[in-house]
Structures are given as C-alpha cells and as structure tokens.
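Single-structure report; data block below.
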Amino acid sequence: MNFTPLIVLLVLFLFNVPITMCLFAAAASYFFFTDGFEAYMIFQKAITQCESFTLLAIPFFVAVGVIMNYGGISKRLMAVADLFTGRMIGGLAQSNIVLSTLMGGVSGSANADAAMEAKVLVPVMVDHGYSKGFSAGVTACSSIITPTIPPGIGLILYASIANQSVGDMFLAGYGPGIFMMVCLMVMTHFVSKQKGYTPTRDHKMGLRAAAKIILDGFWALFIPLGLIMGLRLGIFTPTEAGAVCVFYCIFVGTVVYKELKWSMVPQIIKETFEGTAGIMALICGAAAFGNYLSWENIPRAVSNALITLTDNKFLLLLLINVMLLVVGMFLEGTASLIIMTPILLPAVIALGVSPLQFGIMMCINVTIGGVTPPFGTLLFSTCSIVGCSVEEFVRESWQLILALILCLLGITYIPAISTFLPTLFA
C-alpha cells in the first residue's frame, strides 16, 4: 500500500493546517505522483461528490437554521421549553437542554444551536446565578442533541456515504435524541441540586397562559412533525424537504411572527453561504481523499484487521467507540464522519450491526469530540461567546460529558433505541 497520503495528512494536521487543505494536499500527493493517474482526477472526484442530489439538502437546512434565529422561531421554542422545565431544579439549564432538542427539528446544526443559545440564553443563566463554566457546558453538551434529531446535517452526510435512506436515518435519530435529552436532564438535576441552582418559577403556570405559549409556538413545533410526515408519505424528498422548510420559515417569520425583515436578507445570505461553503469544501476534500483510500483498499484492510482482532461485535463496537472518541478530540466532527465511515462500516456490517444504528452511533460519537479538549469546536466557540476559560468549562461540565458517554454506550448496545422507528414505519 501507498501510505504517503496518510503521512502527508498527519504531518500537515500536526502543523495546524486546516483539515480541508490537509485532505486536498494528501489526495494530491497520491493523484499527482502515482503512475496511472492524471492530475485532473483529484478535481474530478471532488466535484463529482458535490453533484449528489442528497447533499443539496445541506444549504437548505443551513439556511433554515439562520432564518429561524432572525425570524423569532427560536424565541418561541425557548418559551415552550421553559413551560415544561421552569419548575424543575436548575430550571434554566433544563430549558437549555429541551430547547436544543426542539431545535433539532429546525436547524440540524450543533454549532448553530450552541451559538444561538450562548448568545440568547446563557446571559440569562448567568444573571440568575449560574456559573459561566456550567452555563457554557450545558449549552455545548446539549447542542449535541440537535444534529441527532432530524434534519441533522450529519445524518444526511452519513446516509450519502453509506448508501442508506435519508428518511430511515431521520427516523433513527428521534429515539437517541430524546434518550440523550433525558440523560442530560437527569445529570443536570443532580448537579444543579448540588450547586443550589433553583427553578425559574415556584408556581404552576395557569392553563390559559400555557395554552397561549403553546399556540404561539405551534408554528415552530410543526416543522419537525411536518418534515417527517412529508418524508414518510412521499410528498417530498429530503432535499425538497429542505427547500420546503426554508419557505415555511420565511412565511412564519414574516407573516405569522412578523420579525423577519427585508433588511436582514443580506446577513441571512452571508451566514448561509459561510456555513455551506465550509461544509461543502470539506466534503470535496474528503471525497478526493476517500478515492485514495478506495484505490488502495484501505477500508477493506482495516475491516479485515478489526475482524481478525475480535469477532465479538460488542467488543468491536467498544473499540470503535474509544477510537472515535480519541479521533474526535483532534478532528472536527464532520471531517471525522466523512473519513471514518467508509473505513469502519464494512467491519460492523460483516458482524451483523445495523448500518442505521452504527450511523447514529458515529454521528453522536464524533460530535462529542466537539466538547472535549484539545480541539473541540463547540467547546471553543461556546467559551469565546460566553467569556469563560477552557479549564473552567471542563471543571464545571465533566459530569455532563460523562452523561453523554454513558448515553453513547446505551445507544451502542441497545439497538432498539435507533432501529425501533425505522422498523415500525418500514
């Protein structure tokens, strides 16, 4: 095997070169200097990957997340979350977690959710006596729920790479997303009780006030329900669903909530382009690098090596989880997913693991890397917005990270959490 591209990738990464450039440079070292290949093939492979109709859903759902923040949808979701969690111990922290779960049906991006809540909800938490480290920790850790619940961008990417139905991947995400919400809320209860974080209100909200909040938030809550119904009834494809969601959010933001203004359009377009360009450039680089892996049969070699190491699927899944957690500490989640899926998927399928369950496991695992040092993107973006140090973040939120890891193990070893809904609607 030709290991030169792998060495190039590792060396450039150690010198803090952006991962997209690392992938292109590594692929170039193979296609430019290996006999039998033309230099143009690296660009051909990269562009071909971007022509996938499925991936067209990504810019649509990035736009949905941006429009939602400007159109007042997230504000209504936050009110709905507080309706159910306000009387709990650590009420604002619990609202933070429920809001991330509700955001999953709208934006599908952990970074978008973390940035929004860090700007909107964390200042309120700090004013109510929560430490900055804990507020940032709850925000970053709960944002991992967002891309797990449809329409998560990671779910779309995995389905494209693994040749799985996007609709089935969407269905598989609901159970694990709700499971993570419960695990984080239980851990937050104990931490809040220990630290003395109180509920946001000590009285039961009246029926009329509660009904007003739910009715006001109905238009936002309808998005995930309408999305999954449209997909299962065959009304639209996942890509068309993204376009429908964009127009729906524009309608709700302008006509219903009347908070979306024409003056916001340039900023919305700018943020959508920035979010989409980063993801698509990474996909192009990974596609070129993935062709090198395929030509050298590295996925098959790794698969055979893992199966040779152990034919016990439970031990294999544990080893893969540990490896992905380590990889996630150094590599951005989307890059980890794109690179590792074709390498690991053949091994787990050979041992009878459902590709849907494995996809959910991978999406959650690589996203957990975003809240762990030394290169966690969620960690650094949240800390920079909140204004706390990484040391304070880790000290105040290690229990939440532990809860996520325990939740990951539950999803790994209880297939029904991921496969129940896809099987039910098959």
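When you read off a place in the sequence shown, starting at 1, and then add 618, the result is the number in our numbering.
Ideal Cβ positions, reconstructed from N, Cα and C, are used throughout, including at glycine.
So, does the stretch 961-973 touch the stretch 923-932, judging by three or more C-beta pairs under 8 Å?
yes
Reducing DSSP to helix, strand and coil, say where Q782 ends up.
Residue numbering aside, residue 782 sits at position 164 when the sequence shown is read from its first letter. Note: Q782 maps to coil in three-state DSSP.
Boundaries of the alpha helix (DSSP H) in which S1015 is found, first to last residue:
Position 397 of the sequence shown, counted from the first residue, corresponds to residue 1015. Counting along the chain, the alpha helix (DSSP H) containing S1015 begins and ends at V1008 to Y1031.
Considering only C-alpha positions, which residue in the set G708, Y792, M799 and F808 is nearest to P1040?
In the sequence shown, counting from the first residue as 1, residue 1040 sits at position 422. Answer by Cα proximity: Y792.
Only counting the same chain, and skipping five residues up and downstream in sequence, which positions put a Cβ closer than 7 Å to that of T890?
For this step, residue 890 is matched to residue 272 along the sequence shown. Here the set comprises P677, V680, A681 and V684.
According to DSSP, is N909 part of a helix, a strand, or is it coil?
Mapped onto the sequence shown, residue 909 falls at position 291. The answer is helix: DSSP assigns N909 an H, G or I state.
Of the residues F1038, L641, V698 and K879, the one placed nearest L833, counting alpha carbons only:
The sequence position of residue 833 within the sequence shown is 215, counting from 1. Answer by Cα proximity: V698.
Leaving out the 5 sequence neighbours to the left and right, which residues in its chain are closer than 7 Å to P973 when beta-carbon positions are compared?
Indexing the sequence shown from 1 puts residue 973 at position 355. So the list reads A780, Q782, L963 and I967, once near-sequence residues are dropped.
Nonlocal neighbours in the same chain, by C-beta distance under 8 Å from A899, ignoring five residues either side:
The residue given as residue 899 occupies position 281 in the sequence shown. Closer than 8 Å at Cβ, skipping near neighbours: T638.
Kindly indicate the opening and closing residues of the alpha helix (DSSP H) around P1040.
Indexing the sequence shown from 1 puts residue 1040 at position 422. Looking at the DSSP string, the run of the alpha helix (DSSP H) that includes P1040 is A1034 to L1042.
Over what stretch of residues does the alpha helix (DSSP H) that includes P973 continue unbroken?
Within the sequence shown, residue 973 is the residue found at index 355, counting from 1. First-last of the alpha helix (DSSP H) with P973: P973 to I986.
Does the stretch 806-818 come close enough to the stretch 701-711 to have 3 or more Cβ pairs within less than 8 Å?
yes
To the nearest angstrom, how far is it from the Cα of G908 to the Cα of P960?
In the sequence shown, residue 908 corresponds to position 290, counting from 1. In the sequence shown, residue 960 corresponds to position 342, counting from 1. Their backbone Cα atoms lie some 8 Å apart in a straight line.
Any 3 or more C-beta pairs closer than 8 Å across the stretch 982-992 and the stretch 940-958:
Touching, yes.
Taking contact to mean at least 3 C-beta pairs separated by less than 8 Å, is the stretch 866-877 in contact with the stretch 645-652?
Output reads no: the stretch 645-652 does not touch the stretch 866-877.
Shortest alpha-carbon distance to I1029 belongs to which of A1021, F836, Q975 and E735?
Counted from its first residue, the sequence shown places residue 1029 at position 411. For I1029, the nearest C-alpha among the options comes from Q975.
Touch check for the stretch 793-802 and the stretch 760-767: three-plus C-beta pairs under 8 Å?
yes
At the level of alpha carbons, what is the spacing between L802 and A1021?
For the purposes of this step, residue 802 is identified with residue 184 of the sequence shown, where counting begins at 1. For the purposes of this step, residue 1021 is identified with residue 403 of the sequence shown, where counting begins at 1. Between L802 and A1021, the C-alpha separation is close to 6 Å.
Could you check if K750 is buried or exposed, using at least 16 other CB atoms within 10 Å of its CB as the buried criterion?
The sequence position of residue 750 within the sequence shown is 132, counting from 1. Under this definition K750 is a buried residue.
Of the choices F788, W880 and V738, whose alpha-carbon is the least far from that of H843?
The count along the sequence shown starts at 1 and reaches residue 843 at position 225. Checking the sequence, you will find Leu at residue 843 rather than His. Nearest to L843 by C-alpha distance, out of F788, W880 and V738, is F788.
Taking 7 Å as the cut-off, is the beta-carbon of F797 closer than that to any non-hydrogen atom of the ligand HEM?
No copy of the ligand HEM occurs in the structure displayed, which carries no ligand at all.
Alpha carbon to alpha carbon, how far is C560 from Y1031?
Here the chain covers residues 619 to 1044 and nothing more, so residue 560 does not appear.
Euclidean distance between Cα positions of W1016 and I1003:
Within the sequence shown, residue 1016 is the residue found at index 398, counting from 1. Within the sequence shown, residue 1003 is the residue found at index 385, counting from 1. One C-alpha to the other measures close to 20 Å.
With H, G and I counted as helix, E and B as strand and the rest as coil, what does DSSP make of V635?
Counting from one through the sequence shown, the residue named residue 635 turns up at place 17. It is coil, neither helix nor strand.
Whole-angstrom distance between N620 and S718, CA atom to CA atom
Here residue 718 corresponds to residue number 100 of the sequence shown, with the count starting at 1. Here residue 620 corresponds to residue number 2 of the sequence shown, with the count starting at 1. Roughly 44 Å separates the two Cα atoms.
Limits of the unbroken alpha helix (DSSP H) element including V742
If you number the sequence shown from 1, residue 742 lands on position 124. First-last of the alpha helix (DSSP H) with V742: V740 to D745.
Measuring only the C-alpha atoms, how far is F808 from Q712?
In the sequence shown, residue 808 corresponds to position 190, counting from 1. In the sequence shown, residue 712 corresponds to position 94, counting from 1. Those two C-alpha atoms are separated by around 12 Å.
Neighbour-count burial assignment, E669, 16 or more Cβ in a 10 Å radius:
Counted from its first residue, the sequence shown places residue 669 at position 51. Exposed: under 16 other Cβ atoms inside 10 Å.
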